[in-house]
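See below for the structure under consideration.
In the working numbering, the protein residues as written are 4 to 146.
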């Protein structure tokens, strides 16, 4: 049975519901070493067998930011500045990650983060990895 983990930015204008069958101690927590993730102190989680629903009370507060290889939209709140997650849209669907720090309640038994660098990935490798390892996205505020 899937458990739902809600999250949002600080002001609550944008958010998500992360659904997973994984116990929190089995989550793979990643600390990407790119400058964006380091400056936002982001910790990412995903479950290829789960689902994410991204939400927005008002789409004017949703900022979609692309950088690097420009394969994904990183979702930030225009009002409070918090980064909540990222989404890639491909021919195979939409896939996403959540920022663990945006969870409304962080499970107490999460494993420590694994520092990871994706600097050596090319465009096709990055898209393939995200399709395989990120969580299917069932709802996007801009659709």
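Glycine residues also receive a C-beta, built at the ideal position from the N, C-alpha and C atoms.
With a Cβ-Cβ cutoff of 7 Å, do residue 24 and residue 7 count as a contact? Counting from one through the chain shown, the residue named residue 24 turns up at place 21. Counting from one through the chain shown, the residue named residue 7 turns up at place 4. For residue 24 and residue 7, no; Cβs fall outside 7 Å.
Just confirm the distance between the C-beta atoms of residue 96 and residue 90, as a whole number of angstroms; I'd bet it's less than 8 Å. Position 93 of the chain shown, counting from 1, holds the residue named residue 96. Position 87 of the chain shown, counting from 1, holds the residue named residue 90. That pair is no contact at about 10 Å.
Beta carbon of residue 87, beta carbon of residue 48: below 7 Å? Looking up residue 87 in the chain shown gives position 84. Looking up residue 48 in the chain shown gives position 45. For residue 87 and residue 48, no; Cβs fall outside 7 Å.
Could you check what DSSP says for residue 3 in three-state terms: helix, strand or coil? The requested residue 3 is not part of the displayed model; the chain covers only 4 to 146.
Could you say which of 31, 72, 14, 53 lies nearest to residue 139 if we only look at CA atoms? What you label residue 139 is simply residue 136 of the chain shown in a count that begins at 1. Closest by alpha carbon: 53.
Give me the DSSP bridge partner(s) of residue 139. Locating residue 139 in the chain shown gives position 136, counting from the first residue. Paired residues: 98.
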